[in-house]
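What follows is a single structure, written as structure tokens, with notes after it.
Protein chains in written order, with my numbering: chain A, 1 to 309; chain B, 1 to 285.
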């Protein structure tokens, strides 16, 4: 349907809270199908960086979809792991989008993507040690203050480790939560990719993960490569179906966490809507089989000293 | 174990190794076990940076990719990315220097129009993401007393972009863009061309400007009055056709508002309502 013929939805009637259902990453390729067929899907997520223009079709479509479905913003450009100040222009644009679309959830990555003004468009790894933790804590606090809301931070997929790391990823994330009051976004595919690449047990990692702070789960497909020794090196490619091993980790997570909003990320080799929708329904079936998790009260903004159990 | 680099030093060496393949894997970066190397592992990040930025450039410059072929485009993009990495996390704004890069890129000097084709493509990107605003209603000119028409000044639409090229850049772009009809390829003109790229509502459009059209619209954009702009255009091109040019600007929606010292007509910042008004838009008062 031409963009000019979309019947505007009456905004304000759709609940903005993200339900404990399956959602998908919203792609421009699917705008029209979604508006024409009104699929029964729980929610959508977008990268705010794709909606930082002043106007045009992207905002037009997103406004219509956000009027019909709950929306989550998932940033890829704030570079909270960088050893430099947050980019004021960038966080102001995030604030404007947060106010314009009032998303049910707002998340970012435990990663850096900018250095000396250059933006690398990739989620680069952070060593797990005290000085980087202090930096990330400062940046998460600043971002939460600026947006006047709690954000979720996602566990990364990593390909290398740092000799200088002094703590585990889980300890780093637990301390971050304790010092900022942020929540966590648990990406089960990242767990599998990182565990394979770093030779640790993903099941043990998930058993230790502080699921009580998880506000959202991500699932995606990975690609296979080989490292210098010819052993598996998995790439977080977001270009195919979720692997069976990752579905198993998802089951393991849900058994501990109860029903948590779950997103299918598929950003490359984007499939037809029906295939993406079917993948989301696979997660939805698992969520429906669970009792709804007792809702944790949203902590007040920016708690300086949140207890970690 | 050597003393660990500061966070800043570590990220500095990680960064330079990312876009410079001759730089070694950063010192602090290791594999999961002492006997495991990190070279291919680090290579994943190098590859992610180049491939994802190349994809972003392919999306912004599809006609350049069609002109040179995908493999050649990827090779050119790698040189551009290495020398002009993004300064913004907004990828639709990346490539703002690609046109001037092409102007000076030795291997494509036999195709001197290429930079201007890239300028049209980047203007298209900018128009696509520009602020929404209703174009000037063509009938609003009828409210102006005829003896005061020459005093009018105009506001250009926020999506409006102008490009003058010493080459037939518009025709080359139009013949190679994605949905181009094949038969236009054989009959390209050989002269300089100016073009207008804008987005009156939701669809970006590009047109070739008639003689004097660039000077005329450029003068209006600088705030000259209609009378002054027409004089500038006539001086630039004796064949300048005033009625055709003004009619064209109203038709394409390149103008957003008009102003007389005592009368301001329709310079509204609101986008049009979402209903399709094409059937009745000529009857608005």
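Note that beta-carbon positions come from the ideal geometry of N, C-alpha and C, so glycine has one too.
Straight-line Cα distance separating residue j from residue i
{"i": "residue 14 of chain B", "j": "residue 164 of chain A", "result": "14 angstroms"}
{"i": "residue 286 of chain A", "j": "residue 22 of chain A", "result": "9 angstroms"}
{"i": "residue 35 of chain A", "j": "residue 273 of chain A", "result": "12 angstroms"}
{"i": "residue 347 of chain A", "j": "residue 209 of chain A", "result": "The first residue shown for chain A is 1 and the last is 309, placing residue 347 of chain A beyond what the model contains."}
{"i": "residue 254 of chain A", "j": "residue 260 of chain A", "result": "8 angstroms"}
{"i": "residue 291 of chain A", "j": "residue 211 of chain A", "result": "16 angstroms"}
{"i": "residue 158 of chain B", "j": "residue 223 of chain B", "result": "15 angstroms"}
{"i": "residue 252 of chain B", "j": "residue 190 of chain A", "result": "49 angstroms"}
{"i": "residue 213 of chain B", "j": "residue 85 of chain B", "result": "36 angstroms"}
{"i": "residue 27 of chain A", "j": "residue 27 of chain B", "result": "38 angstroms"}
{"i": "residue 236 of chain B", "j": "residue 229 of chain B", "result": "11 angstroms"}
{"i": "residue 41 of chain A", "j": "residue 64 of chain A", "result": "15 angstroms"}
{"i": "residue 276 of chain B", "j": "residue 5 of chain A", "result": "Below a pLDDT of 50, predicted positions are generally treated as unreliable, and residue 276 of chain B, at 38, falls in that range; the measurement from the model is reported next regardless. Rounded to whole angstroms, residue 276 of chain B to residue 5 of chain A spans 6 angstroms at the Cα level."}
{"i": "residue 150 of chain A", "j": "residue 106 of chain A", "result": "8 angstroms"}
Beta-carbon gap between residue i and residue j smaller than 8 angstroms
{"i": "residue 172 of chain B", "j": "residue 127 of chain B", "result": "no"}
{"i": "residue 39 of chain B", "j": "residue 225 of chain A", "result": "no"}
{"i": "residue 249 of chain A", "j": "residue 188 of chain A", "result": "yes"}
{"i": "residue 219 of chain A", "j": "residue 173 of chain A", "result": "no"}
{"i": "residue 244 of chain A", "j": "residue 221 of chain A", "result": "no"}
{"i": "residue 31 of chain B", "j": "residue 37 of chain B", "result": "yes"}
{"i": "residue 113 of chain A", "j": "residue 123 of chain A", "result": "yes"}
{"i": "residue 121 of chain B", "j": "residue 207 of chain B", "result": "no"}
{"i": "residue 196 of chain A", "j": "residue 232 of chain A", "result": "yes"}
{"i": "residue 152 of chain A", "j": "residue 215 of chain A", "result": "yes"}
{"i": "residue 99 of chain B", "j": "residue 75 of chain B", "result": "no"}
{"i": "residue 199 of chain B", "j": "residue 130 of chain B", "result": "yes"}
{"i": "residue 154 of chain B", "j": "residue 260 of chain B", "result": "no"}
{"i": "residue 211 of chain B", "j": "residue 239 of chain B", "result": "yes"}
{"i": "residue 189 of chain B", "j": "residue 168 of chain B", "result": "yes"}
{"i": "residue 56 of chain B", "j": "residue 94 of chain B", "result": "yes"}
{"i": "residue 161 of chain B", "j": "residue 118 of chain A", "result": "no"}
Under 7 angstroms from the C-beta of residue i: neighbouring residues of chain A
{"i": "residue 53 of chain B", "result": "121"}
{"i": "residue 257 of chain B", "result": "Within chain A, no residue comes near residue 257 of chain B; the closest Cβ sits about 16 angstroms away, beyond 7 angstroms."}
{"i": "residue 8 of chain B", "result": "83"}
{"i": "residue 287 of chain B", "result": "In this structure chain B extends from 1 to 285, so residue 287 of chain B is not present and cannot be described."}
Min CB distance residue i to chain B below 8 angstroms
{"i": "residue 106 of chain A", "result": "no"}
{"i": "residue 198 of chain A", "result": "yes"}
{"i": "residue 160 of chain A", "result": "yes"}
{"i": "residue 151 of chain A", "result": "no"}
{"i": "residue 55 of chain A", "result": "yes"}
{"i": "residue 127 of chain A", "result": "yes"}
{"i": "residue 221 of chain A", "result": "no"}
{"i": "residue 233 of chain A", "result": "yes"}
{"i": "residue 227 of chain A", "result": "yes"}
{"i": "residue 25 of chain A", "result": "no"}
{"i": "residue 49 of chain A", "result": "yes"}
Delimiting residues of the alpha helix (DSSP H) encompassing residue i
{"i": "residue 146 of chain A", "result": "130-147"}
Limits of the beta strand (DSSP E) - the one that residue i falls within
{"i": "residue 161 of chain B", "result": "161-165"}
{"i": "residue 155 of chain B", "result": "153-156"}
{"i": "residue 112 of chain A", "result": "112-115"}
{"i": "residue 208 of chain B", "result": "205-208"}
{"i": "residue 214 of chain A", "result": "214-220"}
{"i": "residue 232 of chain A", "result": "232-235"}
{"i": "residue 265 of chain A", "result": "262-265"}
Partners in chain A for residue i, counting only beta-carbon separations shorter than 8 angstroms
{"i": "residue 190 of chain B", "result": "Neighbours of residue 190 of chain B on chain A: none; closest Cβ ~35 angstroms, over 8 angstroms."}
{"i": "residue 129 of chain B", "result": "53, 54, 55, 56, 58"}
{"i": "residue 14 of chain B", "result": "115, 124"}
Proximal chain B residues relative to residue i, where beta-carbon distance stays under 8 angstroms
{"i": "residue 117 of chain A", "result": "87"}
Minimum Cβ-Cβ distance from residue i to chain A less than 8 angstroms
{"i": "residue 92 of chain B", "result": "yes"}
{"i": "residue 20 of chain B", "result": "no"}
{"i": "residue 283 of chain B", "result": "Legend: pLDDT at residue 283 of chain B = 35, less than 50; position of this residue unreliable, value from coordinates given subsequently. No, because no Cβ of chain A sits closer than 8 angstroms to the Cβ of residue 283 of chain B."}
{"i": "residue 30 of chain B", "result": "yes"}
{"i": "residue 80 of chain B", "result": "no"}
{"i": "residue 42 of chain B", "result": "yes"}
{"i": "residue 4 of chain B", "result": "yes"}
{"i": "residue 202 of chain B", "result": "yes"}
{"i": "residue 101 of chain B", "result": "no"}
{"i": "residue 119 of chain B", "result": "no"}
{"i": "residue 243 of chain B", "result": "no"}
{"i": "residue 38 of chain B", "result": "yes"}
Chain E within 8 angstroms of residue i, Cβ atoms only
{"i": "residue 253 of chain B", "result": "Here chain E cannot be found, since the structure's protein chains are A and B."}
Amino acids of chain B, ordered along the chain, whose beta-carbon sits closer than 9 angstroms to that of residue i
{"i": "residue 135 of chain A", "result": "7"}
{"i": "residue 266 of chain A", "result": "Those within 9 angstroms of residue 266 of chain A in chain B number zero; the least Cβ separation is about 15 angstroms."}
{"i": "residue 168 of chain A", "result": "Near residue 168 of chain A there are no residues of chain B at all, since even the closest Cβ is about 13 angstroms away, more than 9 angstroms."}
Cross-chain neighbours of residue i in chain A, by beta carbon under 9 angstroms
{"i": "residue 132 of chain B", "result": "54, 55, 56, 59, 60"}
{"i": "residue 177 of chain B", "result": "Within 9 angstroms Cβ-Cβ: nothing; residue 177 of chain B doesn't reach chain A, min ~18 angstroms."}
Closer than 7 angstroms: residue i CB and nearest the ligand GTP heavy atom
{"i": "residue 237 of chain B", "result": "The ligand GTP is not among the ligands present in this structure, which contains no ligands whatsoever."}
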